[in-house]
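Notes follow the structure.
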Amino acid sequence: MLNARRAVFAALLAVLAAPGLRASPKRPNVLIVIADDCTCADLPDYGGTNIRTPAISRLAREGPLFERAYASTAMCQPCRAELYTDLFPLRNGCAWNRAPSRPGVRSLPHHPGVLGYRVGLAGKVHVAPRSVFPFEEVAGWESNCTREPTRPHDLGHAQAFMTRDAPQPFCLVVALVVPHVPWVMGGASTLRPAQRRLPPTLADTPTTREDYARYLVEIAYMDAQAGALLDLLDEAGLAASTLTIFISEQGSQFPGHMRTCREAGARTASIVRWPDRVPAGRRTRALVQYVDVLPTLVELAGGDPEAARPPLDGRSFAAVLRGERDAHRNFAYGLHHNVPEGPPYPIPTVTDGEWRYVRNLTPERLSIEKHTMGLLGGSAPHNAYWPSWMAHSRNRPEVLHLVERHMRRPAEELYHVAGDPWNLDNRAGDPCCAAIHARLAAELDRWMATQRDPGAAMDRLEVLQEVRRAGRDPEHRR
Numbered sequence: 004m005l006n007a008r009r010a011v012f013a014a015l016l017a018v019l020a021a022p023g024l025r026a027s028p029k030r031p032n033v034l035i036v037i038a039d040d041c042t043c044a045d046l047p048d049y050g051g052t053n054i055r056t057p058a059i060s061r062l063a064r065e066g067p068l069f070e071r072a073y074a075s076t077a078m079c080q081p082c083r084a085e086l087y088t089d090l091f092p093l094r095n096g097c098a099w100n101r102a103p104s105r106p107g108v109r110s111l112p113h114h115p116g117v118l119g120y121r122v123g124l125a126g127k128v129h130v131a132p133r134s135v136f137p138f139e140e141v142a143g144w145e146s147n148c149t150r151e152p153t154r155p156h157d158l159g160h161a162q163a164f165m166t167r168d169a170p171q172p173f174c175l176v177v178a179l180v181v182p183h184v185p186w187v188m189g190g191a192s193t194l195r196p197a198q199r200r201l202p203p204t205l206a207d208t209p210t211t212r213e214d215y216a217r218y219l220v221e222i223a224y225m226d227a228q229a230g231a232l233l234d235l236l237d238e239a240g241l242a243a244s245t246l247t248i249f250i251s252e253q254g255s256q257f258p259g260h261m262r263t264c265r266e267a268g269a270r271t272a273s274i275v276r277w278p279d280r281v282p283a284g285r286r287t288r289a290l291v292q293y294v295d296v297l298p299t300l301v302e303l304a305g306g307d308p309e310a311a312r313p314p315l316d317g318r319s320f321a322a323v324l325r326g327e328r329d330a331h332r333n334f335a336y337g338l339h340h341n342v343p344e345g346p347p348y349p350i351p352t353v354t355d356g357e358w359r360y361v362r363n364l365t366p367e368r369l370s371i372e373k374h375t376m377g378l379l380g381g382s383a384p385h386n387a388y389w390p391s392w393m394a395h396s397r398n399r400p401e402v403l404h405l406v407e408r409h410m411r412r413p414a415e416e417l418y419h420v421a422g423d424p425w426n427l428d429n430r431a432g433d434p435c436c437a438a439i440h441a442r443l444a445a446e447l448d449r450w451m452a453t454q455r456d457p458g459a460a461m462d463r464l465e466v467l468q469e470v471r472r473a474g475r476d477p478e479h480r481r
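Start counting at 1 in the sequence shown, then tack on 3, and there's your number in the working numbering.
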C-alpha cells in the first residue's frame, strides 16, 4: 500500500512539473456569456437609462466590472476570433467579416484543454476553420443570428455539459444571438419609443425610435437568457466554483456603432464573477482587450501563458481580477476593414483609455457599409432607420450632420474619451492637443508595424480572397 501511495504521489509531482503547468488546487469552471451586437453604453451598469438588466446588474454587484474593455474590431467574426485565439486580427488571419483564421492557429479549446478542461460552445459559432476552433458542440441555443429564433433556449444540454465527468473542470461559451438584427422579439410598443433617450449618435426620427425600442427589447431578452444561465449554476451547485464572464461584444448595428473604430463600436462590457476569489462590486479602470482574456484563463487554470508558442498577443489580467492591481495595458488597439461589406475603407485606431486616435486611410472616399445603410437587397426591416435619416437630412441640419459624419470622415480623429464618450468633438486639429495627437499617432504606427499592417493596401478584395483560400475548411459553419 505504501509503495502504491508513493507511486501516486510521484505521478502527481510529474504532472505538476510539466511545462506550462503549476499547482492550482482550485481551478475554476469557466462560463463565458457573449451578447451579440450590444452597445455597452445601453446597459444600466455602463450608464444606460432606457431599460433594466437585472441579471447583468447582479453580476456587476458580485464581481469586478471593467470600465475600459475593448475589442480590436467592431465586427462579429473578427472580434470572436480575437477572443478565442488571443491573437490580434491580422495575426490570426480574421481581420475581415466572414474570413477564416489561418490554419495552425491555436484557440481556446487548445489552451485550457491541455490543462484538463472540457471546452464547449453553445449558440453562435461564426468562426472558422473548425480545425482552429475545435469546440465541443453544445446544443440548446439558437446558432443563427440572421433569422427569427425558431425555439426558446433549452438549458438541459448546458446543464449536462457542466455536470458530467465531475470533478473535471469545464469551460463553456454560450454565444447568444441577441440583440443582433433582425430585432424581432416583440413588445417594443410597451417601451413607449417616443419616451426613450436616444444616444446622440442616432438621428431622432420616428423610425429610428421604433428600431431602437425593438433593439432594447432584445437586450431585455438577452438579459433573461443570461439570468437563466446564472440560475442554472445556482441550481447545480456550481456558482461558487465557476468563473463567470459576461461580455457584450461590439456595438449595436446602428451608424457610428458597429463596424467603426469609435468608442460606441469598439468598447465592450466586461464583467467577471468568481465568488470568494475576486472582490465583489468593484469597478476598475484597468485597460484590457479581448486578447487578454485567454491568457487570464490559462493562468487561473494553472498554466503559464508566457510559455505559449508562438507567443500570445495578450497578457493575463488575473492580478486585476484579484484586486492586486488597478492598471493593465497602456494602450488598446483596433482596426476596421470594410471589405466585403462595402468598398474598401480601412481604419486603424488606438486608445490609452483617456483619448482615442482614429486614422481614416482613404478619407477621399465615402464610407459605405451595406448593413447599416440598407443595401442588402430585398426587404431589410432591421435598418429602416437609414432611409428616414436620408429623408430628414433634406431639411434638418442636425440629421444631415450625422449622415455626413458617418459617410465622410477626416483623415484623422482625436477624441477625449473621458469627457466625450460618444466621440462627437474631433480634437485632431486642436493645437492644445498636439502632444497627445503625436504620442498616439506614433504608438499606432508602432503597433501597425508589429502587425505587418501595410495600411490601405490591406483592405482589398483580393487580399481577403487569399486569406479565405488559406483558411478554407469544409466544416465551417456560421
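For glycine and all other residues, C-beta sits at the position ideal for the given N, C-alpha and C.
- Residues PRO196, ALA197, ARG199, LEU201 of the same chain have their beta carbon placed closer than 8 Å to that of ARG212, with the five preceding and five following residues left out of the count.
- With a threshold of 16 other beta carbon atoms within 10 Å, SER192 falls short and is exposed.
- The criterion of a C-beta distance shorter than 7 Å is satisfied by VAL353 and GLU446.
- Taking a C-beta distance under 7 Å as the contact criterion, PRO298 and GLY326 do not qualify as a contact pair.
- Residue burial is scored here from C-beta neighbours: GLN171 has fewer than 16 other C-beta atoms within 10 angstroms and is therefore classed as exposed.
- Under the three-state reduction of DSSP output, PRO313 falls in the coil class, being neither helix nor strand.
- Contact check for ARG121 and PHE173: beta-carbon distance about 5 Å, within the 8 Å limit, so the pair qualifies.
- Secondary structure of CYS174 (DSSP, three-state): strand.
- Counting along the chain, THR210 sits inside the alpha helix (DSSP H) bounded by residues 209 to 238.
- Nearest to ALA72 by C-alpha distance, out of VAL294, ASP279, PRO92, is VAL294.
- Shown here for ASP89: same chain residues with a beta carbon closer than 7 Å to its own, the five before and five after excluded, namely VAL294, LEU297, PRO298, LEU315, ASP316, GLY317 in chain order.
- Rounded to the nearest angstrom, the gap between the Cα atoms of GLU266 and ASN426 is 7 Å.
- Residue pairing by DSSP puts ARG286 in a beta bridge opposite LEU68.
- A residue is called buried once 16 or more other Cβ atoms fall within 10 Å of its Cβ, and PRO106, having fewer, is exposed.
- Take ALA459, set aside five residues on each side of it, and the residues of its chain with a beta-carbon closer than 8 Å to its own are PRO347, PRO349, LEU364, THR365, in chain order.
- The criterion of a C-beta distance shorter than 7 Å is satisfied by ASN53 and LEU219.
- Secondary structure in the stretch 351 to 419: the alpha helix (DSSP H) runs of 4 residues or longer, each lying completely within the stretch, are 388 to 395, 400 to 410 in chain order.
- Counting other Cβ atoms within 10 Å of its Cβ, ARG411 stays below 16 and is therefore classed as exposed.
- Here ALA289 is buried: its Cβ has 16 or more other Cβ atoms, across all protein chains shown, within 10 Å.
- In this structure, the beta-carbon distance from CYS97 to LYS127 does not fall below 7 Å.
- Around SER273, the same chain offers PHE69, ALA72, ILE250 as residues with beta carbons nearer than 6 Å, after the five sequence neighbours per side are excluded.
- Proximity of the stretch 369 to 379 to the stretch 297 to 313 falls short of the contact definition, fewer than three beta-carbon pairs being nearer than 8 Å.
- Ranked by how close their Cα comes to the Cα of MET461, the residues TRP186, VAL342, PRO67, LEU175 have VAL342 in first place.
- Here ARG121 is bridged, per DSSP, to PHE173.
- Looking only at GLU407, VAL470, ARG61, ASP39, the smallest Cα-Cα distance to ILE222 is reached by ASP39.
- A straight-line Cα-Cα distance of about 8 Å links THR271 and CYS41.
- Remark: C-beta atoms of GLY190 and CYS264 do not approach each other more closely than 7 Å.
- Between the alpha carbons of GLU238 and ARG280 lies a distance of about 20 Å.
- The DSSP-derived three-state label of HIS339 is strand.
- With a cutoff of 7 Å on beta-carbon distance, TYR360 and THR210 are scored as not near each other.
- Between ALA84 and VAL130, the C-beta gap is smaller than 7 Å, which places the two residues in contact.
- With respect to PHE164, GLY116 sits apart: the two C-beta atoms are not nearer than 7 Å.
- Between VAL420 and GLY356 the beta-carbon gap is near 7 Å, inside 8 Å, which marks them as a contact.
- A Cβ-Cβ separation of about 5 Å places PRO81 in contact with PRO92 under the 8 Å criterion.
- Look at SER273 here: in three-state DSSP terms it is strand.
- Taken through DSSP and simplified to helix, strand or coil, GLN162 comes out as helix.
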